[in-house]
Amino acid sequence: MDDAVLSRRSLFAAGAVGLAVPAIGAAVSWNAGAAHAGATRKVTIYAEALPGGLFGYGLAPGQATVPGPLLEIYEGDTLEITLVNTTNQRLSIHAHGVDYSTSSDGSPLHASYNNPGETRTYVWRSREMFAAAGRRFMPGSAGYWHYHDHAMGTDHGTGGVAKGLYGGLIVRRRGDILPDRQFTVVFHDMTINNRMAPNTPIFEANLGERVEWVAIGHGNLFHTFHLHAHRWADNRTGMLESISDPSPTIDNKDLNPGSSFGFQVLAGEGVGPGAWMYHCHVQNHSDGGMSGIFLVRNADGSMPPGAEEAIHRFQGHTHTTTSQSHDDHGGHGA
Amino acid sequence: MDDAVLSRRSLFAAGAVGLAVPAIGAAVSWNAGAAHAGATRKVTIYAEALPGGLFGYGLAPGQATVPGPLLEIYEGDTLEITLVNTTNQRLSIHAHGVDYSTSSDGSPLHASYNNPGETRTYVWRSREMFAAAGRRFMPGSAGYWHYHDHAMGTDHGTGGVAKGLYGGLIVRRRGDILPDRQFTVVFHDMTINNRMAPNTPIFEANLGERVEWVAIGHGNLFHTFHLHAHRWADNRTGMLESISDPSPTIDNKDLNPGSSFGFQVLAGEGVGPGAWMYHCHVQNHSDGGMSGIFLVRNADGSMPPGAEEAIHRFQGHTHTTTSQSHDDHGGHGA
Amino acid sequence: MDDAVLSRRSLFAAGAVGLAVPAIGAAVSWNAGAAHAGATRKVTIYAEALPGGLFGYGLAPGQATVPGPLLEIYEGDTLEITLVNTTNQRLSIHAHGVDYSTSSDGSPLHASYNNPGETRTYVWRSREMFAAAGRRFMPGSAGYWHYHDHAMGTDHGTGGVAKGLYGGLIVRRRGDILPDRQFTVVFHDMTINNRMAPNTPIFEANLGERVEWVAIGHGNLFHTFHLHAHRWADNRTGMLESISDPSPTIDNKDLNPGSSFGFQVLAGEGVGPGAWMYHCHVQNHSDGGMSGIFLVRNADGSMPPGAEEAIHRFQGHTHTTTSQSHDDHGGHGA
Chain D
1 MDDAVLSRRS
11 LFAAGAVGLA
21 VPAIGAAVSW
31 NAGAAHAGAT
41 RKVTIYAEAL
51 PGGLFGYGLA
61 PGQATVPGPL
71 LEIYEGDTLE
81 ITLVNTTNQR
91 LSIHAHGVDY
101 STSSDGSPLH
111 ASYNNPGETR
121 TYVWRSREMF
131 AAAGRRFMPG
141 SAGYWHYHDH
151 AMGTDHGTGG
161 VAKGLYGGLI
171 VRRRGDILPD
181 RQFTVVFHDM
191 TINNRMAPNT
201 PIFEANLGER
211 VEWVAIGHGN
221 LFHTFHLHAH
231 RWADNRTGML
241 ESISDPSPTI
251 DNKDLNPGSS
261 FGFQVLAGEG
271 VGPGAWMYHC
281 HVQNHSDGGM
291 SGIFLVRNAD
301 GSMPPGAEEA
311 IHRFQGHTHT
321 TTSQSHDDHG
331 GHGA
Chain Z
1 MDDAVLSRRS
11 LFAAGAVGLA
21 VPAIGAAVSW
31 NAGAAHAGAT
41 RKVTIYAEAL
51 PGGLFGYGLA
61 PGQATVPGPL
71 LEIYEGDTLE
81 ITLVNTTNQR
91 LSIHAHGVDY
101 STSSDGSPLH
111 ASYNNPGETR
121 TYVWRSREMF
131 AAAGRRFMPG
141 SAGYWHYHDH
151 AMGTDHGTGG
161 VAKGLYGGLI
171 VRRRGDILPD
181 RQFTVVFHDM
191 TINNRMAPNT
201 PIFEANLGER
211 VEWVAIGHGN
221 LFHTFHLHAH
231 RWADNRTGML
241 ESISDPSPTI
251 DNKDLNPGSS
261 FGFQVLAGEG
271 VGPGAWMYHC
281 HVQNHSDGGM
291 SGIFLVRNAD
301 GSMPPGAEEA
311 IHRFQGHTHT
321 TTSQSHDDHG
331 GHGA
Chain E
1 MDDAVLSRRS
11 LFAAGAVGLA
21 VPAIGAAVSW
31 NAGAAHAGAT
41 RKVTIYAEAL
51 PGGLFGYGLA
61 PGQATVPGPL
71 LEIYEGDTLE
81 ITLVNTTNQR
91 LSIHAHGVDY
101 STSSDGSPLH
111 ASYNNPGETR
121 TYVWRSREMF
131 AAAGRRFMPG
141 SAGYWHYHDH
151 AMGTDHGTGG
161 VAKGLYGGLI
171 VRRRGDILPD
181 RQFTVVFHDM
191 TINNRMAPNT
201 PIFEANLGER
211 VEWVAIGHGN
221 LFHTFHLHAH
231 RWADNRTGML
241 ESISDPSPTI
251 DNKDLNPGSS
261 FGFQVLAGEG
271 VGPGAWMYHC
281 HVQNHSDGGM
291 SGIFLVRNAD
301 GSMPPGAEEA
311 IHRFQGHTHT
321 TTSQSHDDHG
331 GHGA
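Here is the structure:
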C-alpha cells in the first residue's frame, strides 16, 4: 500500500439481533488523500479460488470475496494494481471507465493477463474533464464503474465473470458528497453477487445514513434493479445537480451485462426504518431468487418493529427456483 | 372521495367513423386542487375479476379495467387508497416513486396485502426536492410512475401482474404543463395492456392536442417502445427544460419490467393527422402482436384521408402470433 | 443530387500493413451547406440484392452496402429520397427522428413502400426546437437516428432488417462539432453489421482524431455496446454540454432493437494507439462473434507496436459460435 489513508470498511457485521449475514465486502478508498491531486495509489489484489467453484479478488491472501473489494479514487489519480494470481487458471483484471495502455487492458487480445501463479501489474489512470469547443467538455473519468476478469475461460473472461471475478470501482469528482455506507450489488444471470434468495446479501444501515449503492450487471441475461421505498435521479450522482436538472427520478433501472450505475439515498428517509426489499423486477428473476433485503435500522442501530418478522419471512420464502450450479443453498452466509 | 376536484376522463370513445374501441381507461387527478399544497387525497379502488381470467383495478364496483385508472397527484400530496378486494385471491397495491411505510408496501414480506374479500388502506406520500449539499438536491417524488399487485401468485405479485393488476401514477411538480389527453401503455410479455394486435388500444387525439403518454413495462421480456412520427426528450418531462438541456431526443426507448417513463407530444405536429403506429421495436414482438394505432384526427375531430383504410389494414393484419392464453382474439374491444 | 456539397467518405481503406478490411461504408453529408438553413437535399438510394442473401442500400447502382450510407443533415433541412428498388421484393425506407407524412412513413399500414422494381420518393423534414411554455422547449430533430426497411417479409420489415436494409441518420444542431471520422455500428441479433468475428468491421483512425460512432440496435435480442479505453457522456452529443452537465459518463450502453445513439471520442486520447476492442458485453454474444477492432494508429498513420499481433490474434480467435445463416465465414472482407 502507499502512504495514503486506507480504510477497509467491513460492509457487513452481525446485527444486533444476531442475524447471520455474510461478510462479503471490503473497500479501499483514498478519500482522505483527496487534497493532493494526481497521486499514484498502489494496491495488491489476490485472485483466489473459493469454495463452491467460485473465484474472488481480495486485498490480502485468504480474503477474496464475491464481489471483490470496492475500489475508489479521485479524478486525476492513478491506480497501480499488482494482481497476484494464486489460482491454476489464466485470469486478469479489466477496468471500465479509466485510462490504460494496451498492456493493462486485461484482455488476451493484448496478451494482458496473468498465467497461473503469475503476478502482473495493471495501471489505471484517471483525469478531469477538459475543454472541447464552445462551452463543451470531453468527459473526465468520474463515474460508478467496475472491474472484472477478461481472460478466464474465453477471450472475454466469461468463465471468470461467471465464477465471481468482478467488483466495483468509483472515480469521484472533487466536491462529491461522501457516503456513510457503500453496497455493491451485482446482477449476474439468475443471481445477486452469485447468490440466490434467501442467501442474497442483507445490506444494513441506520435511519438517515447516507448510503451509496453501486449496481453492476454481468452475464447473459437482462435485468432491472428495483429498490423499495427509495429513489434517485437518473444522472451521474443520483442527486439533482441543480433546481433545473432535467434528469428523471427513478426507482427501477436496466442493469444489463457490462453496465453499472450508482446513487446515494438517505436510508429510510420519509418512509421510516424497516426491512425494505431490493430485487430484479423481471418477474421470473425475482421469483427465482433475485431478491434481497435492505435493512434500515432505527437511528440508534436497534431493530425496528416488524423487521425481524420480515427477514424471517424472507428466509422461509419459497422460490420457483431456476437453480444455478454455482449457488450454495445451505446456510445464510459464509 | 375527498373534497378536491375529481375528473374522470374517459380516454376512449367511439370514433366518428364508428370504430369499436375499448373503453379501457379512466383517470383520477386533482389538478384543480394544486393551489393548496400537501393535501390528502382519498380514493377507493376495487380489485375485481374480469372476463377471460383477467383482473383489474377500478374506481367503482364493476368498472375495473386493464390497465387500472391513471392516478395523478402533485408533489407534497398524500394519496390514501382504500383497496376493496372483491376477488377470491390474495392481492395488494404496490406503488413506485412515492413514500410509504412498510405496512403500505403492498408485499407479503410485510404482510401488506388484502386477503380475499378484505378491504385495506394504503397510504402513499410525496414530497418536493430538498437540499443535499452545495447546489445539489435529493430528488422529490415527481415522475411518471406506476402501481401494481405485489401479492397474487408469488411474493412478487407475478400472478396479479400477469393478469392485469397494474396502472399508471403521475406525480407532478408544480408548474408542469398539463396535457389534453393521457394514454397508459403497458408493454407486458407479448401484449400491450394485455391485448394483442389487432385488439390493442387505438389511442385518439385531434391534431395539435397535447398528448401525454405513460409507458410501463411488466413481465418477463425486454421491450422497446417506438412511436412513429413523434419524438421526445429523454428526461423527466419529455421536453427540453432549457435551451442548453443536454438530454438526447428519442423516439424509441427501452421499456423493461418495473420501468416507466412519460412524455408529452403535440399530436401530428409537423407531420399531420393520420393513423400513426406505436409498437415494440423488437421485431418478433411487433410481428407477434405488440403494435397499435395512435389515431391523430383532424383538428375538428373528423377523420383524415387514409386513416380508415390504414385502420382496416391494421385490423386485417396477419400476425405470426405467439399466442397468449390470457388474450382474447375475438372482437375489437370490451 | 442537389447543388449542395456532397462528400463521400470511404470509411475503410486497406491499411498500411496490408490488412484486408471491407469497404462497407459511405456517407452523404451536407455540412458545407450548413450556412443556408432549411435547404432541401435530394438523394437517390438504390436498394439491391447482395451476395449471401443480403440486401443493402447504396448511393449508386452496384454500390449497396450493409449498413447503408450514413446520411447527415442539419436541423431545418429536408431530405428527399428517391428510392430505387432493384430487387424482386416489396421494401421501403422508414426513418427515425424526422418528420414525414403518412405517405413517407415507409410502412405497409399506409401503403408506403416500393413494389419490386418500383421507384418511389420519401420526404423527411427536420426542425429546430420551439418554445413550449415557461423556459421549456419541444425538442427539435437533432439526434443520432437511423433508417431501415419497414415492408419486406412482414408489415414491420422484419425480413429487410434481418438481411441488412438499415443505416445511420444524423441530424445536427447548428454549432455541433464535426468529426474527422464516422463509424456506423449495428448490433443485430448475433451480428455486428450482419457480420461475425473475425469478419466484423475494423474501424480505423489516427491518434487524436475526432471519431464519431453511430450505434444502432436491430432484431430480436438485447445487447450492450462496450468500447475499450474510451468513454462518453450519456447525453445528446457524448460531450458534457457545460461544467454542470449532470449526465453520467459511460463506456457500456444498452443497444436494443430500434434504439440508436452516437458520441464522439478522441481516438486513443489518454490511452495511446492500439487495436482496441469494441464488443457486445452480453457474454455469450461477445463469445459468439459480436466483437470487433477499433484500430487507433499512430498520429502519422503508421501501425503502433503490438497492433498487428493483436489483430492476428483476433483473426485467429476461436469462437463458441452460434452461427447465423446470413453470415459469411470465408475471408476478411468483401
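Chains as they are written, first to last, in the UniProt record's numbering: chain D, 1 to 334; chain Z, 1 to 334; chain E, 1 to 334.
The beta-carbon is built from N, C-alpha and C at its ideal position, and this holds for glycine as well.
Going by alpha carbons, who is nearest to residue i out of the options?
i              : options                                           : result
Ala-60(E)      : Arg-90(E), Leu-295(E) and Thr-82(E)               : Thr-82(E)
Ala-162(D)     : Glu-75(D), Asp-105(D), Leu-54(D) and Asp-234(D)   : Leu-54(D)
Tyr-46(D)      : Asn-252(D), Gly-62(D), Arg-136(D) and Asp-189(D)  : Gly-62(D)
Gly-289(Z)     : Val-214(Z), Ser-101(Z), His-188(Z) and His-96(Z)  : His-188(Z)
Gly-153(Z)     : Asn-88(Z), Ser-259(Z), Asp-99(Z) and Gly-217(Z)   : Asn-88(Z)
Ser-107(D)     : Glu-72(D), Arg-236(D), Asn-85(D) and His-148(D)   : His-148(D)
Pro-246(E)     : Lys-253(E), Asn-199(E) and Asp-234(E)             : Asp-234(E)
His-150(D)     : Gly-164(D), Lys-42(D) and Met-138(D)              : Gly-164(D)
Trp-213(D)     : Val-282(D), Gly-219(D), Pro-139(D) and Arg-231(D) : Arg-231(D)
Asp-105(Z)     : Ala-229(D), Arg-136(D), Gly-258(D) and Ser-244(D) : Ala-229(D)
residue 335(Z) : Lys-42(D), Val-282(D), Arg-173(D) and Leu-295(D)  : No information on residue 335(Z) is available, as it lies outside the stretch 1 to 334 that chain Z covers here.
Thr-119(Z)     : Asn-193(Z), Phe-225(Z) and Ile-93(Z)              : Ile-93(Z)
Pro-51(E)      : Ala-64(E), Val-43(E), Arg-41(E) and Lys-42(E)     : Ala-64(E)
Arg-236(D)     : Arg-195(D), Met-190(D), Gly-258(D) and Val-171(D) : Val-171(D)
Asp-77(E)      : Arg-174(E), His-110(E), Pro-139(E) and Phe-137(E) : Arg-174(E)
Val-296(D)     : Thr-102(Z), Leu-91(Z), Pro-69(Z) and Pro-179(Z)   : Thr-102(Z)
Leu-266(E)     : Met-138(D), Ala-39(D) and Gly-134(D)              : Met-138(D)
What residues of chain D sit near residue i, judged by a beta carbon separation below 7 Å?
i              : result
Gly-306(E)     : Thr-102 and His-110
Asn-252(E)     : His-96, Gly-258 and Ser-259
residue 345(E) : Chain E is shown from 1 up to 334; residue 345(E) falls before or after that span and cannot be answered.
Val-161(Z)     : Gln-283
Using a C-beta to C-beta distance shorter than 9 Å, which residues of chain E count as neighbours of residue i?
i          : result
Glu-204(D) : Within chain E, no residue comes near Glu-204(D); the closest Cβ sits about 27 Å away, beyond 9 Å.
His-281(Z) : His-156, Gly-217, His-218, Asn-256, Pro-257, Gly-258 and Ser-259
Arg-125(D) : Gly-270 and Val-271
Which bits of chain D does residue i rub up against, with CB to CB less than 8 Å?
i          : result
Thr-249(E) : Gly-97, Pro-139, Gly-140, Ser-141, Ala-142, Gly-143 and Arg-236
Ser-107(Z) : His-228 and Met-277
Trp-232(E) : Pro-139
Met-129(Z) : Leu-240 and Ile-243
Leu-266(E) : Met-138
Residues of chain Z with CB under 9 Å from residue i, in chain order?
i          : result
Glu-241(E) : Ser-244, Asp-245 and Pro-246
For a contact meaning CB atoms closer than 8 Å, what does residue i contact in chain Z?
i          : result
Phe-222(E) : Phe-222
Asp-287(D) : Thr-154, Asp-155, His-156 and Thr-158
Ala-310(D) : Thr-102, Leu-109 and His-110
Would you please state the rounded distance, in angstroms, between the beta carbons of residue i and residue j? I believe it to be under 8 Å.
i          : j          : result
Gln-264(Z) : Gly-306(Z) : Not confirmed; about 26 Å, so no contact.
Ser-141(D) : Gly-97(D)  : 6 Å
Pro-144(D) : Pro-67(D)  : The identity of residue 144(D) in the sequence shown is Tyr, whereas the question assumes Pro. The pair is not a contact, with the Cβ atoms about 13 Å apart (cut-off 8 Å).
Cys-280(E) : His-223(E) : 5 Å
Ser-126(D) : Glu-75(D)  : 5 Å
Report the neighbours of residue i on chain E: residues whose CB is nearer than 8 Å to its CB, in chain order.
i          : result
Gly-208(D) : Those within 8 Å of Gly-208(D) in chain E number zero; the least Cβ separation is about 25 Å.
Ala-133(D) : Ile-177
List, in chain order, every chain D residue whose beta-carbon is nearer than 9 Å to that of residue i.
i          : result
Arg-313(E) : Pro-108, Leu-109, His-110, Ala-111 and Asp-155
Determine the chain E residues that contact residue i at a beta-carbon separation under 7 Å, and present them in chain order.
i         : result
Leu-79(Z) : Correct list: empty, because the minimum Cβ distance to chain E is about 26 Å.
Exercise for review: Kindly confirm or deny that the segment 99-119 of chain D and the segment 176-190 of chain D touch, where touching means at least three C-beta pairs closer than 8 Å.
Suggested key: Using a C-beta cut-off of 8 Å, the segment 99-119 of chain D makes no contact with the segment 176-190 of chain D, since fewer than three inter-stretch Cβ pairs fall below that distance.
Exercise for review: Report yes or no: do the segment 117-133 of chain E and the segment 152-160 of chain E share at least 3 C-beta pairs separated by less than 8 Å?
Suggested key: no
Practice item. Note down, one range per segment and in chain order, each alpha helix (DSSP H) of at least 4 residues found wholly within the UniProt domain "Plastocyanin-like" (65-174) of chain D. Key: 158-162
Exercise for review: Kindly confirm or deny that the segment 272-279 of chain D and the segment 278-286 of chain Z touch, where touching means at least three C-beta pairs closer than 8 Å.
Suggested key: no
**Study point:** Meets three-Cβ-pair contact criterion under 8 Å: the segment 196-210 of chain Z and the segment 196-206 of chain D
**Key:** no
**Study point:** 4-residue-minimum alpha helix (DSSP H) runs that sit fully inside the UniProt domain "Plastocyanin-like" (192-299) of chain D, ordered along the chain
**Key:** 283-288
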